[in-house]
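Visitor: Position one of the sequence shown corresponds to residue 25 (my numbering), numbered consecutively onward.
We treat Cβ as the ideally placed atom computed from N, Cα and C, and that holds for glycine.
Predicted model, so just to flag it, every value in this text is computed and none were measured.
Mind having a look at this structure? Questions to follow.
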Amino acid sequence: MPDDPNSRSPSAESSGVLIRKLSTILSADVAEFSRLMGEDEEATLKTFRGHKKVFEALVATHRGRIFNTAGDAILAEFASAVEAVRCATDIQSALRTRNDQLPPNRQVRFRIGINLGDVMVQGEDLMGDGVNVAARLQTAAEPGGICLSGSVHDQILNKLSLSFVSLGEMNFKNIQQPIRTFSISESEDRVRFPSPKPRPAPDAATGGGSGKWIAAAVAIVLVVGGGAYWFHTTHEGSAAGPSPTMAPVSLQAATTPETAPSAAAPEAKAAEAPVATAAAATAAASAQTPLAAQPKMEKADEPRQAAAEVASQENAKAAIAAAPAVTAQPYDGNYAGRICFAATADLSKRCFNDEGTISAGKISSQWTGREQKISMDVEGSVSSSGDVKVRIRQHNDAEDTRLGSFDLTGTIHDGIIDATGSSKRGRDATLNWHKTSAASR
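What follows is the structure in structure tokens.
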């Protein structure tokens, strides 16, 4: 039997044990919330609060629980994928009825994303890729619509009479693997929901994107190969001198030690063996190539060209061997968690789910807020002893202005980063990330 989302194991949490479980996560966010607030804050907030009460009541009806809210975002957990989807369709239907009483430009419409995945429990909160994928899926939904991951779709396919639109495998920011994505186009009660248009199929006549890439790769190989051949033949021709009376030398005479002049220098004798081997390989390859496709060249040039190719390959191998190896640091990997800014006299407390990476001891993350208005850059470093320094910069992209920066310090231990600090104006901030995967090499 699946775990009840409302159940907890305080003893395990208090002992510091990391708890994981499989849950269905519903992530909802208001479309164009910044515009609505900018036009009329009080009316928008009043409508949003009314919608939120309906939202909370329906989550409870379907035996789920809301575990996180931040501004206009709502995260809910369900033990059943079927109940989560039923709840989502009921929410969108109920809120549509409320929105129909408002002018189109004042309607508060939610986007909803649902994912079934593994999550980590931290107190009353849930974290991890299972939550992050749900949050990314809601960005793919239309206002008033619902998007599902393939894992949810597979669970409800024969249990609910819904109509779906397949959006294919979609790539989302900071999600390593493409996600099979579906949009609900019609509910069991024949209520239609807005759905994104599926992506067009590749053009069969041109072979799609893969065909174009293959053609480009072939063209590059031909250009590089032709350039290398031209360089070697031109270079060797210049080294041989302009004398037109030089008698051609047969391949056998050039490669057989018995026919070499007795007064040849020791260096020439030492070079005969590799030249003979390379020339023999070239001759064997030419024998397998149609005569019309073979390049026209003097036989005397063949051993020198083969020797030049062998030397070029050896130089390339030496360069690769001499390149410095990149080794992973003990803290390197992908991280996810929350960044919270404390309440002040003018601002309420805000928390955000964020993802970042540590590579070679350097911390980095870029986060864009709802409606693409506020962005954050996170940069920092981790010492070999586990001391962490982080700077968070906030930027208003719409007005192209910097909002401020926060300097945090802390530690990393057992894959957990805890850092605290404040801005120059005295607003406190905290960062709590958990390692989600090791660094890829």
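Looking at the unbroken beta strand (DSSP E) that takes in G439, where does it start and where does it end?
Guide: Within the sequence shown, numbered from 1, the residue matching residue 439 stands at position 415. Run containing G439: none; DSSP gives neither H nor E here.
Visitor: Can you give the beta carbon distance from M151 to R44, rounded, assuming they're within the 8 Å contact cut?
Guide: In the sequence shown, the residue the question calls residue 151 occupies position 127. In the sequence shown, the residue the question calls residue 44 occupies position 20. Not confirmed; about 10 Å, so no contact.
Visitor: Can the beta-carbon of C171 be found closer than 8 Å to that of F134?
Guide: Indexing the sequence shown from 1 puts residue 171 at position 147. Indexing the sequence shown from 1 puts residue 134 at position 110. It is not a contact, given that the beta carbons lie outside the stated cut-off.
Visitor: Alpha carbon to alpha carbon, how far is E65 from A55?
Guide: The sequence position of residue 65 within the sequence shown is 41, counting from 1. The sequence position of residue 55 within the sequence shown is 31, counting from 1. Taking the straight line from one Cα to the other gives about 15 Å.
Visitor: If you draw a straight line from the alpha carbon of A366 to that of K448, how long is it in whole angstroms?
Guide: Within the sequence shown, residue 366 is the residue found at index 342, counting from 1. Within the sequence shown, residue 448 is the residue found at index 424, counting from 1. Rounded to the nearest angstrom, the two C-alpha atoms are 14 Å apart.
Visitor: With respect to the alpha helix (DSSP H) encompassing L46, which residues constitute its N-terminal and C-terminal limits?
Guide: On the sequence shown, residue 46 is found 22 positions in, with the first residue counted as 1. First-last for L46: I43 to V54, but that is the beta strand (DSSP E), not the alpha helix (DSSP H).
Visitor: Mapping the DSSP letters down to three states, classify Q467 as helix, strand or coil.
Guide: Given that the chain is displayed from residue 25 to residue 465, the structure contains no residue 467 and the question cannot be resolved.
Visitor: Since H75 is in the alpha helix (DSSP H), which residue starts that stretch and which ends it?
Guide: On the sequence shown, position 51 is the one that residue 75 refers to. Unbroken alpha helix (DSSP H) run through H75: E65 to T85.
Visitor: Report the residue from H437, T433, Y359 and S209 whose alpha carbon sits nearest the alpha carbon of G445.
Guide: As a first step, residue 445 is located in the sequence shown; it is residue number 421 there, counting from the start. If we check each option's Cα against that of G445, T433 comes out closest.
Visitor: CA-CA distance, I203 and M194?
Guide: Counting from one through the sequence shown, the residue named residue 203 turns up at place 179. Counting from one through the sequence shown, the residue named residue 194 turns up at place 170. C-alpha separation (whole angstroms): 5 Å.
Visitor: For my contact list, R160 and G141 are in at a C-beta cut-off of 8 Å; report their separation, rounded to the angstrom.
Guide: Walking along the sequence shown from the start, residue 160 turns up at place 136. Walking along the sequence shown from the start, residue 141 turns up at place 117. Not really, about 12 Å apart at Cβ, beyond 8 Å.
Visitor: Is the distance from the Cβ of E212 to the Cβ of L184 below 8 Å?
Guide: What you label residue 212 is simply residue 188 of the sequence shown in a count that begins at 1. What you label residue 184 is simply residue 160 of the sequence shown in a count that begins at 1. Yes, Cβ-Cβ distance for E212 and L184 is below 8 Å.
Visitor: I'd like to check one pair, A158 with L191: are the Cβ atoms closer than 8 Å?
Guide: Within the sequence shown, numbered from 1, the residue matching residue 191 stands at position 167. Within the sequence shown, numbered from 1, the residue matching residue 158 stands at position 134. Not closer than 8 Å, so no.
Visitor: If distances are taken between C-alpha atoms only, which option among I199, A105, L126 and N139 comes closest to N182?
Guide: Position 158 of the sequence shown holds residue 182. Nearest option by C-alpha distance: A105.
Visitor: From the DSSP output, which residues share a beta bridge with K386?
Guide: By 1-based counting over the sequence shown, the position of residue 386 is 362. Paired residue(s): S383 and S405.
Visitor: Specify, as a first and last residue, the run of the alpha helix (DSSP H) that A112 falls within.
Guide: Numbered from its first residue, the sequence shown carries residue 112 at position 88. Run containing A112: A105 to N123, per the alpha helix (DSSP H) assignment.
Visitor: Using 10 angstroms around the beta-carbon of R110, count the other beta-carbons present and answer buried if the total reaches 16, otherwise exposed.
Guide: Numbered from 1 along the sequence shown, position 86 holds the residue referred to as residue 110. Looking at its Cβ environment, which holds 16 or more other Cβ atoms inside 10 Å, R110 is buried.
Visitor: What is the rounded straight-line gap between the Cα of S409 and the Cα of E101?
Guide: Position 385 of the sequence shown holds residue 409. Position 77 of the sequence shown holds residue 101. Approximately 37 Å, taken between the alpha carbons.
Visitor: What number of angstroms, rounded off, separates the C-alpha of L60 from the C-alpha of G95?
Guide: As a working mapping, residue 60 is identified with position 36 in the sequence shown. As a working mapping, residue 95 is identified with position 71 in the sequence shown. The alpha-carbon atoms of L60 and G95 are separated by roughly 13 Å.
Visitor: Which two residues bound the contiguous alpha helix (DSSP H) that contains N195?
Guide: If you number the sequence shown from 1, residue 195 lands on position 171. Premise fails: N195 is in no alpha helix (DSSP H) and is neither H nor E.
Visitor: Assuming N156 is part of the alpha helix (DSSP H), what are its boundary residues?
Guide: Walking along the sequence shown from the start, residue 156 turns up at place 132. Counting along the chain, the alpha helix (DSSP H) containing N156 begins and ends at D153 to A164.
Visitor: Of the residues I416, N123, P218 and K459, which one's Cα is nearest the Cα of G169?
Guide: Taking the sequence shown and counting its residues from 1, one reaches residue 169 at position 145. Of I416, N123, P218 and K459, the residue nearest in Cα terms is P218.
Visitor: Assign N377 to buried or exposed, taking buried as 16 or more other Cβ atoms, counted over all protein chains shown, within 10 Å of its Cβ.
Guide: Reading the sequence shown from its first residue, position 353 is the one you call residue 377. Per the 10 Å Cβ criterion, buried.
Visitor: Assign Q146 to one of three DSSP states: helix, strand, or coil.
Guide: For this step, residue 146 is matched to residue 122 along the sequence shown. Residue state, collapsed to three classes: strand.
Visitor: In whole angstroms, what separates the C-alpha of N510 from that of Q125?
Guide: In this structure the chain extends from 25 to 465, so residue 510 is not present and cannot be described.
Visitor: Please return the same chain residues whose Cβ sits closer than 6 Å to the Cβ of L186, not counting the five positions on each side in sequence.
Guide: For the purposes of this step, residue 186 is taken as residue 162 along the sequence shown, with counting starting at 1. Closer than 6 Å at Cβ, skipping near neighbours: I208.
Visitor: Considering just the uninterrupted stretch of the beta strand (DSSP E) at D411, what are its terminal residues?
Guide: Start at 1 with the first residue of the sequence shown, and residue 411 comes out as number 387. D411 -> beta strand (DSSP E) spans D411 to N420.
Visitor: Do V78 and L119 count as a contact pair if the criterion is CB distance below 8 Å?
Guide: Position 95 of the sequence shown, counted from the start, is the residue given in the question as residue 119. Position 54 of the sequence shown, counted from the start, is the residue given in the question as residue 78. The answer is yes: Cβ separation under 8 Å.
Visitor: Once DSSP output is grouped into helix, strand and coil, what is the label at S175?
Guide: Here residue 175 corresponds to residue number 151 of the sequence shown, with the count starting at 1. If DSSP states are grouped into helix, strand and coil, S175 belongs with the helices.
Visitor: Between A462 and V412, how many whole angstroms is the CB-CB distance? I'm expecting something under 8 Å.
Guide: Against the sequence shown, residue 462 aligns to sequence position 438. Against the sequence shown, residue 412 aligns to sequence position 388. Actually they do not touch by this definition, with Cβ atoms about 18 Å apart.
Visitor: Can you tell me the Cα-Cα spacing of N123 and T85, whole angstroms?
Guide: Taking the first residue of the sequence shown as position 1, residue 123 is located at position 99. Taking the first residue of the sequence shown as position 1, residue 85 is located at position 61. Distance between the alpha carbons of N123 and T85 is about 21 Å.
Visitor: Excluding the 5 residues flanking L42 on each side, which residues of the same chain have their C-beta closer than 7 Å to its C-beta?
Guide: In the sequence shown, residue 42 corresponds to position 18, counting from 1. Closer than 7 Å at the Cβ level, and outside the excluded window around L42, lie M144.
Visitor: Considering only C-alpha positions, which residue in the set L427, D53 and A112 is nearest to A81?
Guide: The count along the sequence shown starts at 1 and reaches residue 81 at position 57. Selected option, being the one with the closest Cα: A112.
Visitor: From this set, W457, S175, F430 and D114, which residue's C-alpha is nearest T48's C-alpha?
Guide: One-based indexing of the sequence shown puts residue 48 at position 24. Minimum Cα distance to T48 is reached at S175.
Visitor: Per DSSP, what kind of secondary structure is N129 in: helix, strand or coil?
Guide: If you number the sequence shown from 1, residue 129 lands on position 105. Looking at N129 - three-state DSSP - the assignment turns out to be helix.
Visitor: Return the CA-CA distance between I199 and F430, expressed in angstroms with no decimal places.
Guide: Here residue 199 is taken as the residue at index 175 of the sequence shown, counted from 1. Here residue 430 is taken as the residue at index 406 of the sequence shown, counted from 1. In a straight line, the C-alpha of I199 is about 26 Å away from that of F430.
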